[in-house]
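Student: Dropping the structure in here first, questions after.
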Amino acid sequence: MSILQLLPKPPAKYLSGQIFFQGRDLLKESERAMRSVRGKDIAMIFQEPMTSLNPVYTIGDQIVEAVALHQGKSGRAGYAVAQQALEDVGIADPARRLGEYPHQMSGGMRQRVMIAMALSCQPKLLIADEPTTALDVTIQAQILELLRKLQKERNMAIMLITHDLGVVAENADAVAVMYASRNVETATVEELFDHPMHPYTEGLFKSIPKLGANRDRLDTIPGTVPNPQRFPAGCKFHPRCHRMQGDVKCSTVEPNLREVQPAHWASCHHVPGYESALVTIPTISHKRQITARVTQEVNA
């Protein structure tokens, strides 16, 4: 919402920082310029498709609205683009579906419609905000596979926002772990899963149930996420951190993000090498390593 400047101003304010997209600082763009960015260059899939789709308009009308705005196509031409968009995301009988309303579709179908709407104008970046929320695991796998397929076909970047580390492992090239509004660790997906450095990241991995482990209870991170109106001084994670052990620096000085290892950034005073590490902007050009899957056919 911040990247696309969809937050109402006021009450929202952009006090500092920059949002660069293809060399342009989006925070310096006018509302008129941002209207050409939204949908055309950067598109977004929202969390819950039933609340994001308008219940009183047909699927076709909602997709054509975006197509008309960014491609100048309406009427039959607009509906042809909308029909092709539904076909691209695997919706059967797309011509009939264009005339249906959101309530006539299942959750998985509505999510595919949201993806079709987002991709109808060929964006360069797709922001997917919890795209598989409230979907069962089978539909979730289909949606993620669809996003991977479309990304490869269209050479499109995807910013995936999720709490599911399994989804991260299957789809991400680079990962940024956030806690209390801050990026606390950034690395390639392989490096992050093999060598998590921030205590919050470690806690996330420890809380995942593991096959074969005989445990009565899962590990948890003590305490609760702080209220944004009353963030603690120093490191925002220090009230819940097992590494602190009375270290005054943790409760007084907020650590910034430092490149503690090549292509691995963390913000924790207790990460080895942190004090001598440089403060750099995370930049990762990496494609995740895809392990070949061997399928064995068993004849009965």
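The opening residue of the sequence shown carries number 1 in my numbering; numbering runs sequentially from there. Cβ coordinates follow ideal geometry from the N, Cα and C atoms, glycine included. These numbers come from a predicted model, not from an experiment.
(1) Anyone know if the C-beta pair for Met-156 and Leu-150 falls short of 9 Å?
(2) What do you get for His-238, buried or exposed, if any count of 16 or more other CB atoms within 10 angstroms of its CB means buried?
(3) If I follow the unbroken alpha helix (DSSP H) through Asn-171, where does it start and stop?
(4) Between Leu-7 and the ligand FAD, is there a pair consisting of the residue's CB and a ligand heavy atom that are separated by less than 8 Å?
(5) In this structure, how does DSSP classify Arg-182 when only helix, strand and coil are distinguished?
(6) Put Val-260 into one of helix, strand or coil per three-state DSSP.
(7) Would you list, in sequence order, the uninterrupted beta strand (DSSP E) runs of no fewer than 3 residues that lie entirely inside the stretch 50 to 132?
(8) CA-CA distance, Ile-161 and Asp-129?
(9) According to DSSP, what are the bridge partners of Arg-24?
(10) If you drop the 5 nearest sequence neighbours on each side, which residues of the same chain put their C-beta closer than 8 Å to that of Asp-164?
(11) Return the chain-ordered list of same chain residues with a C-beta closer than 8 Å to the C-beta of Leu-135, the five sequence neighbours on each side being excluded.
(12) To which residues of the same chain is Val-89 closer than 7 Å at the C-beta, ignoring the five residues directly before and after it?
(13) When you compare the CB positions of Gly-212 and Ala-118, do they come within less than 9 Å of one another, or not?
(14) Beta-carbon separation of Arg-97 and Ile-42 under 9 Å?
(15) Once you ignore the five residues that flank Asn-54 on each side, which residues in its own chain have a CB closer than 7 Å to its CB?
(16) Would DSSP call Arg-38 helix, strand or coil?
(17) Just verifying my parser: in three-state terms, what is the DSSP assignment at Leu-147?
(18) Can you give the Cα-Cα distance for Gln-296 and Glu-170, rounded to whole angstroms?
(19) Name the one or two DSSP bridge partners that Ile-161 has.
(20) Is Ile-45 helix, strand or coil by DSSP?
(21) Strictly by DSSP, which residues pair up with Ala-176?
(22) Would you list the residues sitting across from Ala-266 in a DSSP beta bridge?
(23) I believe Ala-95 touches Ser-120 by the beta-carbon criterion, under 8 Å. Please report the beta-carbon distance rounded to the nearest angstrom.
(24) Mind checking whether Phe-21 and Leu-125 have CB atoms under 9 Å apart?
(25) Could you check the C-alpha separation between Cys-250 and Arg-35 for me, to the nearest Å?
(26) Is Leu-15 helix, strand or coil when you go by DSSP?
Tutor: This is what the structure gives:
(1) yes
(2) buried
(3) 165 to 171
(4) The ligand FAD is not among the ligands present in this structure, which contains no ligands whatsoever.
(5) strand
(6) strand
(7) 125 to 129
(8) 5 Å
(9) Phe-21
(10) Thr-132
(11) Gly-107, Gly-108, Gln-111, Ile-143
(12) Arg-112, Ile-115, Ala-116, Leu-146
(13) no
(14) no
(15) Gln-62
(16) strand
(17) helix
(18) Residue placement at Gln-296 is flagged as unreliable, the pLDDT there being 43, under the threshold of 50; a coordinate-derived value is accordingly withheld.
(19) Asp-129
(20) strand
(21) Thr-186
(22) Glu-185, Arg-258
(23) With 8 Å as the limit, Ala-95 and Ser-120 do not qualify as a contact, their Cβ atoms being about 16 Å apart.
(24) yes
(25) 43 Å
(26) coil
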